[in-house]
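Here is the structure we will look at.
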Amino acid sequence: MRQVLEASEMARALTRIAHEIIESNKGADNLIIIGIPTRGALLAERIAANINRIEAAAVPAFTLDVTMYRDDLGAHPMLAPKPTDMPTESLDGKTVVLVDDVLFSGRTVRAALDALGAHGRPAVVRLAALVDRGHRELPIRADFIGKNLPSAKSERIQVQLVETDGVDAVFIGAAAESEK
C-alpha cells in the first residue's frame, strides 16, 4: 500500500470542504451534515466542527446507516446494520450534505438518498467525499471532494482515521485476494 494523504493533508482537505460547503450554502443556516458509517460519519463530525469553528455556528452532524437500502444485500448477506443517529425533526426544507470517505460506484450514495427519504424531503442534498476514485456505475458525482484519486478497479483505497485506526491517512494499493 502506498500512502497518498497524510494527516495534515487530510485536515487541509476537510477544512477546504467545510469552506466550500459554507460558500455553496451562503453560510451555515439550515445546514445539516450527515455521514455514512463508519468513516463517513466520523468525517461528517470533523466537517461540522470545522464549519462551526469558521462560522461560529451550531451545525449538527448525524449518522445515517444505509445497509438496508443497498442494492447488493443479496451478495453480502452478512452485512449488519450500523448505528443511525438522525434528527428527530424532519429534514424538510433543510440543506443536507451527505459525507462518505470514498466515492466509487455511487451505489452507497444511491442507498443513502433512498434512506434520506424516510426522514423528510430536504430542499437540497449535496455530497462530500474525502476521496473520489472514479469508476461510477450510476450518474452520481460529489459536490465537494478532498482528493481526486484515479485508480484501477482492481486497486483498493483505504482511509484510516485516528478514531478507528489510530492514524489519519489514505492509502492505495492492490486489493486483497478476498476482495477481488
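All you need for the numbering used here is the position in the sequence shown, starting with 1, plus 33. C-beta atoms are modelled at their ideal positions from N, C-alpha and C, and glycine is treated no differently.
Does the beta-carbon of residue i have 16 or more other beta-carbons within 10 angstroms, so that it is buried, or is it exposed?
i, result
"residue 174", "exposed"
"residue 125", "exposed"
"residue 96", "buried"
"residue 35", "exposed"
"residue 121", "exposed"
"residue 72", "buried"
"residue 101", "exposed"
"residue 183", "exposed"
Along the chain, where does the alpha helix (DSSP H) that runs through residue i open and close?
i, result
"residue 148", "140 to 149"
"residue 48", "40 to 58"
The beta strand (DSSP E) with residue i in it runs from where to where?
i, result
"residue 202", "202 to 207"
"residue 178", "177 to 181"
Which value, in whole angstroms, describes the spacing of the CA atoms of residue i and residue j?
i, j, result
"residue 180", "residue 198", "20 Å"
"residue 88", "residue 172", "32 Å"
"residue 191", "residue 204", "5 Å"
"residue 165", "residue 77", "16 Å"
"residue 148", "residue 70", "13 Å"
"residue 209", "residue 189", "8 Å"
"residue 58", "residue 187", "37 Å"
"residue 194", "residue 37", "14 Å"
"residue 80", "residue 48", "7 Å"
Taking C-beta to C-beta, are residue i and residue j nearer than 9 Å?
i, j, result
"residue 201", "residue 53", "no"
"residue 133", "residue 145", "yes"
"residue 92", "residue 61", "yes"
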